[in-house]
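So the structure is just underneath, and the comments pick up after that.
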Amino acid sequence: MKAIAYISGILAISLLATSCDRKVKEERLQRIDSLEIHLQNSSEVLGQLDSMLIVNRLADIDRTGLWIYDNVTDTLERQPGIAFGDFMRTKKYYNQALTRYVSVSTEISYSEVQLQSLRSDVKNSFYSEQEFKGFFNAEAASIAKVVEATYELEEKYEFSNDRYAKFKPVVNSMVDSIKAIIYAPESVNP
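According to the numbering used here, the sequence shown is numbered sequentially starting from 33.
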């Protein structure tokens, strides 16, 4: 009789432990899901930014700047000169945006892998409460930085596009007027 009571007690404890373990797993998986939502939001923001547009505009700024440097041998007038300088500084902002784009993209990919690994380990009950808390908090801090960097990237991207849109027409007008002078037929005085 004692053996039956002992076995019944062990079964009851194991069922209780299994039930608690499932609840703990579900709670941990929900916490991981909340991090994935933030990461997915950052991925969507990143997906809306056009890295090829950045690369193409950087190339355009380089081409335009080179053309002006090669064809202008005198001081530019005040307004076009300032606009040209501002246009060339736009390259700096686009370079910063491109660098940030690459780093955020890399961090998002890395965080996705880390969360999948954490999810797998939780499903296999690898972590004690203390270990899970440490890993989860580390990932939460990392993802918070990724989210912040994503929004900074978005601001830099929009700022760069606004500068480009503002100064490109002025610089194009300047280039056209320089081309008109360079390629104008020479008047012949009799």
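Heads up, the beta-carbon is just placed ideally off N, CA and C, and yes, glycines get one too.
Per-residue burial, S205 [other beta carbons within 10 Å of its own, 16 or more giving buried]:
Exposed is the call here.
Pairing CB atoms from the stretch 169-183 with CB atoms from the stretch 53-70, are three or more of them under 8 Å?
Touching, yes.
If you draw a straight line from the alpha carbon of I214 to that of R110, how long is it in whole angstroms?
Approximately 20 Å between the Cα atoms of the pair.
Between which two residues does the alpha helix (DSSP H) containing N127 stretch?
Counting along the chain, N127 sits inside the alpha helix (DSSP H) bounded by residues 110-155.
Proximity below 8 Å, CB of D92 to CB of R195
Contact annotation: D92 and R195 have beta-carbon atoms that are not nearer than 8 Å.
Between Q148, S75, Y159, S83, which lies nearest to K57 when the distance is taken from Cα to Cα?
When only C-alpha atoms are compared, the closest one is Y159.
Quick check: V77 and E186, are their CB atoms within less than 8 Å of each other?
Cβ atoms of V77 and E186: closer than 8 Å.
Between the stretch 196-203 and the stretch 116-130, do at least 3 Cβ pairs fall closer than 8 Å?
Flag = yes, the stretch 196-203 and the stretch 116-130 touch.
For the candidate residues R89, L71, G79, whose alpha-carbon lies nearest to that of N193?
Residue R89 is the option with its Cα nearest to N193.
In whole angstroms, what is the alpha-carbon distance linking D94 and K188?
Looking at the two C-alpha atoms, the distance is approximately 19 Å.
Quick one: grab the DSSP three-state call for D82.
Coil at D82, not helix or strand.
Can the beta-carbon of V207 be found less than 8 Å from the beta-carbon of A115?
In this structure, the beta-carbon distance from V207 to A115 does not fall below 8 Å.
Would you give the residue range spanned by the alpha helix (DSSP H) that E180 belongs to?
E180 -> alpha helix (DSSP H) spans 161-214.
Going by C-alpha to C-alpha distance, which of Y126, R54, V145 sits closest to D82?
Ranking Y126, R54, V145 by Cα distance to D82 puts Y126 first.
To the nearest angstrom, how far is the alpha carbon of N149 from that of S143?
The question names Asn, but residue 149 in the sequence shown is Ser. Spanning the alpha carbons of S149 and S143 requires a straight line of approximately 10 Å.
What residue from K55, L67, T131 has the CA that sits closest to M84's CA?
Nearest C-alpha to M84: T131.
For S209 and L108, what's the separation of their Cα atoms in angstroms?
Using only the alpha carbons, I get a separation of about 12 Å.
May I have the straight-line CA-CA distance separating L147 from G97, to the nearest angstrom?
Those two C-alpha atoms are separated by around 45 Å.
Might you give, ordered along the chain, the residues of its own chain that have their beta carbon closer than 7 Å to the beta carbon of L48, omitting 5 neighbours on each side?
In this prediction, L48 scores a pLDDT of 40, lower than 50, which makes its location untrustworthy; the coordinate-derived value is nonetheless stated afterwards. Nothing meets the Cβ criterion.
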